[in-house]
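Numbering (our numbering), first residue to last: 1 to 66. Backbone N, C-alpha and C fix where the C-beta goes; we use that ideal spot for every residue, glycine too. All values derive from a computational prediction rather than experimental measurement.
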């Protein structure tokens with residue numbers, strides 16, 4: 001994996017549109033991230049530390065992150 005791809009993977013999460021239904025507000029209140037709706041996806045952007053914490057939060061709420 002190239003450096004750029006590794007950095008991108010550690011600073012963003014891509015989810016299908018609607019994946020954050022019911023928890024999107026909690027996510028933005030609890031973590032320092034940017035949540036953008038793009039076409040058919042939701043992009044969550046943040047520091048590597050925040051993205052790791054967001055992954056844990058999503059897993060606790062039943063949302064699988066690859």
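Query, Result
"Taking the CB atoms as reference points, tell me whether residue 13 and residue 49 lie closer together than 9 angstroms.", "no"
"Straight-line CA distance for residue 15 to residue 31?", "17 angstroms"
"For the beta strand (DSSP E) that contains residue 27, what are its first and last residues?", "That residue, residue 27, is in no beta strand (DSSP E); its alpha helix (DSSP H) goes 24-30."
"Please say whether residue 65 and residue 46 have beta carbons closer to each other than 9 angstroms?", "no"
"Quick one: Cα of residue 38 to Cα of residue 17, how far?", "8 angstroms"
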